[in-house]
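**Student:** Structure below; questions to follow.
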Amino acid sequence: MAATLATLAALTQSTLRGSPDTEIHGVAGLHNARLGEIALVADARHARLVARTAASALVVGAAFDPTATPLPLLVAAQPAQAFEQIADHFSPVPEPVEPGIHPTAIVAPDAEVGAGVSIQAHCVVEAGAQIGAGTVLRPLVFVGRRARIGAHCVLHPHVAVCDRCVVGDRVILHSGVVIGADGYGYETRDGVHRKIPQRGIAEIGDDVEIGANSTVDRARYGRTVVGAGTKVDNLVMVAHNVMVGEHCLLVGQCGIAGSAVLGHHVTVAAQAGLAGHIELGSGVVVGARAGVMRDVPAGRVVLGSPAQDIEKERLCLVLHQKLPELVQRIRQLSATVDQLTEKVAHLEATAEDDSEAR
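Read left to right, the sequence shown gives residues -4 to 353 (my numbering).
As structure tokens, then:
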């Protein structure tokens, strides 16, 4: 389904610069757009890609230099939002999900299934489990004994919500997510690693989304919690008894060790690691690949391993880049000192000889 730029300008309340009759049939990124597609120039960092893009038109902000490209432009006050509207326009309408229980699904007789629930092929819902109204279990989902899933959730294929664990309302769990696997708890006695029973649960708040193959372990005692509104990327590990506050962002491959506590609106960037039993205050930002070993007060931004204040870490990074130059300079200074030491020794010896000669 194609649309003219005039139509898209009206849709997004943008200013059109260029031919109103240019036809667009889809959206794409600057680097992989093809003829007939429209792309977004989100900020100045993407300007270098404009000259190379094969897109037929661009969505830009008011600060964009129109002389930078001959392509037609949609100039928007909020270009990212405008581009999202255009993407919605071209997106296929999702097929409606039929409520009901597929013949191959296994649902315990005493499981409570709400109105409008869709339980698809080969799902397993065990004894005493509760599934809230309007929730969709895609094929091969497992819901353990006495687990509770809220209303209007979507659990994608191969999700497991283990025994007694709790998932709130409007939660999205992508393929491979495991909620409530045993926490990593062992005690070493006489050289043997003995398993410590993990008797608690994992609890996911309302409006949480968890990416593919991420895990939230059950607590040793009590609860492991991911707070309401938090968004978790793919391949994230949340260990036993961790408490994640509301509206946090946990980015791909980060890991949070047991009993760590995160306040609200905390961001943990990609591949960062948090030690166990530490506390991050609300609003903390942990940079990519940081290693956080101790508490971080609210509002701080930390980077590096071990993590420290970002300004201090930036200074260390700058100095690190200068190390070869500094080492060379030290060697030169050391050689100069050695030469001066020899000269001083020679002068002292000469002066001593003159004194004896007198």
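The beta carbon of each residue, even a glycine, is placed where N, CA and C say it ideally should be.
Three-state secondary structure (DSSP) at Gln125?
**Tutor:** Along the sequence shown, read from residue 1 onward, the residue named residue 125 stands at position 130. Note: Gln125 maps to strand in three-state DSSP.
**Student:** Relative to the C-alpha of Val227, which residue among Val291, His235, Gly217 and Gly240 is closest?
**Tutor:** Translated into the one-based positions of the sequence shown, residue 227 becomes position 232. Val227 has its Cα closest to that of Gly240, out of Val291, His235, Gly217 and Gly240.
**Student:** Would you grab the beta carbon distance between Asp105 and Arg165 for me? Rounded to a whole angstrom, and I think it's under 8 Å.
**Tutor:** Taking the sequence shown and counting its residues from 1, the one referred to as residue 105 is at position 110. Taking the sequence shown and counting its residues from 1, the one referred to as residue 165 is at position 170. About 26 Å separates the two Cβ atoms, so there is no contact after all.
**Student:** Given the structure, does Ile33 come close to the ligand COA, in the sense that its CB is under 7 Å from one of the ligand's heavy atoms?
**Tutor:** The ligand content of the structure shown is nil, which means the ligand COA is not present either.
**Student:** Give me the Cα-Cα distance between Thr262 and Cys243, rounded to the nearest whole angstrom.
**Tutor:** As a working mapping, residue 262 is identified with position 267 in the sequence shown. As a working mapping, residue 243 is identified with position 248 in the sequence shown. Whole-angstrom Cα-Cα distance: 6 Å.
**Student:** On the DSSP letters alone, give me the boundaries of the beta strand (DSSP E) that Thr10 sits inside.
**Tutor:** Position 15 of the sequence shown holds residue 10. Element bounds for Thr10: Thr10 to Arg12.
**Student:** Go to Ala34, then tell me how far its beta strand (DSSP E) extends in each direction, as first and last residue.
**Tutor:** Counted from its first residue, the sequence shown places residue 34 at position 39. From DSSP, the beta strand (DSSP E) with Ala34 extends over Glu32 to Leu35.
**Student:** Which of helix, strand or coil does DSSP assign to Asp83?
**Tutor:** Along the sequence shown, read from residue 1 onward, the residue named residue 83 stands at position 88. The answer is helix: DSSP assigns Asp83 an H, G or I state.
**Student:** Ordered along the chain, which non-local residues of its own chain (more than five positions away) have a Cβ less than 8 Å from that of His84?
**Tutor:** By one-based count along the sequence shown, residue 84 stands at place 89. Excluding positions up to five away in sequence, the list reads Ala(-2), Leu3 and Leu6.
**Student:** Closest to Pro355 by CA distance: which of Ala155, Ala34, Gln125 and Thr210 is it?
**Tutor:** Absent from the model: residue 355. The displayed extent of the chain is -4 to 353, so no value can be given.
**Student:** Using the rule of at least 16 other Cβ atoms within 10 Å of the residue's Cβ for burial, across every protein chain shown, is Pro15 buried or exposed?
**Tutor:** Position 20 of the sequence shown, counted from the start, is the residue given in the question as residue 15. Burial call: exposed.
**Student:** Start and end of the alpha helix (DSSP H) containing Ile305?
**Tutor:** Taking the sequence shown and counting its residues from 1, one reaches residue 305 at position 310. Run containing Ile305: Ile305 to Gln316, per the alpha helix (DSSP H) assignment.
**Student:** Indicate whether Thr62 and Val45 have their beta-carbon atoms separated by less than 8 Å.
**Tutor:** If you number the sequence shown from 1, residue 62 lands on position 67. If you number the sequence shown from 1, residue 45 lands on position 50. No; because the gap between Cβ atoms is not below 8 Å, this pair is not in contact.
**Student:** Helix, strand or coil for Ala197, going by three-state DSSP, please let me know.
**Tutor:** As a first step, residue 197 is located in the sequence shown; it is residue number 202 there, counting from the start. Of the three classes helix, strand and coil, the one that applies to Ala197 here is strand, per DSSP.
**Student:** What separation, rounded to the nearest whole angstrom, lies between the Cα atoms of Val88 and Ile167?
**Tutor:** By 1-based counting over the sequence shown, the position of residue 88 is 93. By 1-based counting over the sequence shown, the position of residue 167 is 172. Spanning the two alpha carbons is a distance of roughly 19 Å.
**Student:** In this structure, does DSSP put Ile325 in helix, strand or coil?
**Tutor:** The residue labelled residue 325 in the question sits at position 330 within the sequence shown. Reduced to three states, the DSSP call for Ile325 is helix.
**Student:** When DSSP labels each residue in this structure, what does Glu274 get in the three-state scheme?
**Tutor:** As a working mapping, residue 274 is identified with position 279 in the sequence shown. Reduced to three states, the DSSP call for Glu274 is strand.
**Student:** Mapping DSSP to helix, strand and coil, what is Ala1?
**Tutor:** In the sequence shown, counting from the first residue as 1, residue 1 sits at position 6. In the structure shown, Ala1 sits in a helix (DSSP, three-state: H, G or I).
**Student:** Whose C-alpha, out of Ile199, Gln125 and Gly206, is nearest the C-alpha of Val220?
**Tutor:** Looking up residue 220 in the sequence shown gives position 225. Minimum Cα distance to Val220 is reached at Ile199.
**Student:** Once DSSP output is grouped into helix, strand and coil, what is the label at Ser113?
**Tutor:** Locating residue 113 in the sequence shown gives position 118, counting from the first residue. Three-state result, Ser113: strand.
**Student:** Look at the alpha carbon of Gly129 and the alpha carbon of Val112, and state the distance between them as a whole number of angstroms.
**Tutor:** Here residue 129 corresponds to residue number 134 of the sequence shown, with the count starting at 1. Here residue 112 corresponds to residue number 117 of the sequence shown, with the count starting at 1. About 5 Å.
**Student:** If distances are taken between C-alpha atoms only, which option among Thr17, Asn236 and Glu79 comes closest to Gln193?
**Tutor:** To locate residue 193, count along the sequence shown from 1; it is residue 198. Comparing Cα positions, the closest option is Asn236.
**Student:** Pairs of beta-carbons, one from the stretch 319 to 338 and one from the stretch 297 to 307, closer than 8 Å: are there three or more?
**Tutor:** Cβ pair count under 8 Å is below three, so no.
**Student:** What residue range is occupied by the uninterrupted beta strand (DSSP E) comprising Ala52?
**Tutor:** Counting from one through the sequence shown, the residue named residue 52 turns up at place 57. Here the beta strand (DSSP E) through Ala52 covers Ala52 to Val55.
**Student:** Going straight from the alpha carbon of Val36 to that of Gly21, what length do you get?
**Tutor:** Locating residue 36 in the sequence shown gives position 41, where the first residue counts as 1. Locating residue 21 in the sequence shown gives position 26, where the first residue counts as 1. Taking the straight line joining both Cα atoms gives about 16 Å.
**Student:** Buried or exposed, going by whether 16 or more other CB atoms sit within 10 Å of the CB of Leu30?
**Tutor:** Against the sequence shown, residue 30 aligns to sequence position 35. Leu30 should be labelled exposed.
**Student:** What residue does the beta strand (DSSP E) around Leu44 start on, and which one ends it?
**Tutor:** If you number the sequence shown from 1, residue 44 lands on position 49. First-last for Leu44: Ala42 to Val45, but that is the alpha helix (DSSP H), not the beta strand (DSSP E).
**Student:** Can you name the residues that DSSP bridges to Tyr181?
**Tutor:** As a first step, residue 181 must be located in the sequence shown, where it is residue number 186. DSSP, once it has assigned bridges, lists Lys190 as partnering Tyr181.
**Student:** Who are the near neighbours of Ala223 in its chain, counting only those whose CB is closer than 8 Å to its CB and skipping five residues on each side?
**Tutor:** Here the question's residue 223 lines up with position 228 in the sequence shown. Around Ala223: Gly163, Gly200, Asp201, Asp202, Val203, Glu241 and His242.
**Student:** Hey, how far is the Cα of Ala57 from the Cα of Glu18?
**Tutor:** On the sequence shown, residue 57 is found 62 positions in, with the first residue counted as 1. On the sequence shown, residue 18 is found 23 positions in, with the first residue counted as 1. Distance between the alpha carbons of Ala57 and Glu18 is about 23 Å.
**Student:** Can you tell me the Cβ-Cβ gap for Ala285 and Ala302, rounded? I've got them flagged as a contact below 8 Å.
**Tutor:** Along the sequence shown, one-based indexing puts residue 285 at 290. Along the sequence shown, one-based indexing puts residue 302 at 307. About 4 Å separates the two Cβ atoms, so the contact holds.
**Student:** Quick one: what's got a C-beta closer than 6 Å to Gln125's C-beta in the same chain, skipping five residues either side?
**Tutor:** Translated into positions along the sequence shown, residue 125 becomes position 130. Around Gln125: Glu107 and Arg143.
**Student:** Roughly how many whole angstroms lie between the Cα atoms of Val102 and Val136?
**Tutor:** For the purposes of this step, residue 102 is taken as the residue at position 107 of the sequence shown. For the purposes of this step, residue 136 is taken as the residue at position 141 of the sequence shown. The alpha-carbon atoms of Val102 and Val136 are separated by roughly 11 Å.
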